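Asker: This note's numbering puts the first residue of the sequence shown at 18, with every later residue one more than the last.
In this text, a Cβ means the ideal position worked out from N, Cα and C, and glycines have one as well.
Here the structure is a predicted model, which is why all the values come from computation and not from measurement.
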Amino acid sequence: MRFKDVLGLDEIKKELIGSFLQNRIAHAQLFHGPRGSGKLALALSYARAINCTSFEDCDSCSSCPSCLKFSKLAHPDLHIVFPVIKKTPTDNPLGDDCLGAWRKEIIKNPYLSLESWMSVYKEEFFEKQGNKKKEGVIYSHQIKEINRKLTLKIYEAKYRVVIFWMPEKMNLKSANKFLKLLEEPPKNTILLLVSEEATLLLPTVLSRLQNRRVPKYTVQETINGCKKEKTKDFLNYCKEVSGDLGRVLNYRGQEEDTHTDVFIALMRTCFKRNFAEMAKWSEENASKTRQKQIQLLNYSLTILRECLVYNYSERKINNMSVREQNFVEKFSTYIHEENSISIIEIFETTIKNIKRNANSKIIFFYMVLELSRLLKLKHKFA
Ligand SMILES: [Zn+2]
């Protein structure tokens, strides 16, 4: 993330760049603002900028080795601490197992709120209902681990950066440990605290931070800042979430979520070969607008292609949400050399026929029947 990628906030950007160019880099800084504001986006741009080796035109570049690593949030001198949940009372999670998922969600949407992340985190890493109710905490063992890492030599960066995402989730024990870190900061290490509720921080912590308030976006800014088609629904949604850019950017996500649900339902119905359900699915989806029908079919093709990529190339999945990824991992075994081409063809034919204004109820039912037959085909070598 570069400064120019962060929506608006020109004053703060100017101030951050100015202080950096004058070599005034405070070792502990707080970026705080309401959910859906640009605080994390700014902190990440700043961390990248102070380490860029060819900083110019008031921004980091996009080609130096440091920036390339920062663009994936995977620089060895960038450490992230965020709230975690204990699976058992003796569990001491560091968040390392879900750091990959966190990076992925933040790269997709750096305005993500803690609440939105927690729902992804819980769905991905917890099955038990009991754990789902638990809140995230930054535990003292996480601070201890960061302290340990900070005693090691810096790998390659000019400034090692530690981002504490939602430091208000530190319990008292962690906060006290953290205070020690603030009092004796390691050399060339910058601590960036990114908070949704800074008033919950200990006054002794607050007083040691360079404080920067990041304002809420206006509704209009979020509308202009999102490339989404400005439909009436979208505009209403922007008003409803009043300046929460994280949610505005996820608006597309919600639509895709619905597609995911509909696609999963389709595959389940086809497997079960329940004709009543198959007919119901066809009818329901035939009642949507043609544009929505085509969007759904194109989305289905994307998922099917991801299944093929997953099967035939190193089990890697690109550009998918955690939920889609989970589905593809399980579902891809049913897509194989015996049926993949035919399944893709039936979706393509369906799109063509819908574009020709044919009766979508009939077309969908035919597609569902065909899918049901194709999914039952056994893997030749299985
Ligand atoms: Zn650079």
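#1: Check this for me: beta carbons of Y327 and S304, under 7 Å apart or not?
#2: Shorter than 6 Å, the distance from the beta carbon of S77 to the closest heavy atom of ligand 1, or not?
#3: With respect to the beta strand (DSSP E) encompassing I180, which residues constitute its N-terminal and C-terminal limits?
#4: Can you pull the DSSP bridge partners for S46?
#5: Take F37 and list the residues in its own chain whose beta-carbon comes closer than 8 Å to its own, dropping the five residues that flank it on each side.
#6: Whole angstroms is fine: what's the gap from E132's alpha carbon to F99's?
#7: For C75, would you say it is in contact with chain B, using Cβ-to-Cβ distances shorter than 7 Å as the test?
#8: How would you write the range of the beta strand (DSSP E) that H96 sits in, first residue to last?
#9: Quick check: what's the CA-CA separation for S80 versus K297?
#10: Three-state secondary structure (DSSP) at K31?
#11: For the segment 194–208 against the segment 230–245, are there 3 or more C-beta pairs whose distance is under 8 Å?
#12: For ligand 1, is there any heavy atom lying closer than 6 Å to the beta carbon of S349?
#13: Is the closest heavy atom of ligand 1 to the C-beta of C324 under 6 Å?
#14: Considering just the uninterrupted stretch of the alpha helix (DSSP H) at L90, what are its terminal residues?
#15: How should N253 be labelled, buried or exposed, when 16 other C-beta atoms within 10 angstroms of its C-beta is the threshold for buried?
#16: Cβ of C84 versus every heavy atom of ligand 1: is any distance shorter than 6 Å?
#17: Quick test of your reading: S299 and F364, contact by CB under 8 Å. State the CB separation rounded to the nearest angstrom.
#18: Just checking my contact of P184 with L210 at CB under 8 Å: how many whole Å lie between their CB atoms?
#19: Inspect the beta-carbon positions of V154 and N126 and report whether they are closer than 7 Å.
#20: DSSP on V326, reduced to helix/strand/coil?
#21: Express the C-alpha separation of V385 and K161 in angstroms, rounding to a whole number.
#22: Kindly indicate which three-state DSSP category E387 falls into: helix, strand or coil?
#23: List the residues that DSSP assigns as beta-bridge partners of I155.
#24: If you draw a straight line from the alpha carbon of A58 to that of I123, how long is it in whole angstroms?
Answerer: So, to answer that:
#1: no
#2: yes
#3: 177–182
#4: Reading off the sequence shown, one finds Gln at residue 46, where the question assumed Ser. L209, Q227.
#5: Y63, A66, I67
#6: 12 Å
#7: Of the chains in the structure shown, none is chain B; there is only one protein chain.
#8: Residues 95–98.
#9: 52 Å
#10: Residue state for K31 is assigned as helix, using DSSP reduced to three classes.
#11: no
#12: no
#13: no
#14: That residue, L90, is in no alpha helix (DSSP H); it is neither H nor E in DSSP.
#15: exposed
#16: yes
#17: At roughly 14 Å, the Cβ-Cβ gap does not stay under 8 Å, so S299 and F364 are not in contact.
#18: 5 Å
#19: Not closer than 7 Å, so no.
#20: helix
#21: Near 55 Å, if we compare the C-alpha coordinates of V385 and K161.
#22: helix
#23: M187.
#24: 9 Å
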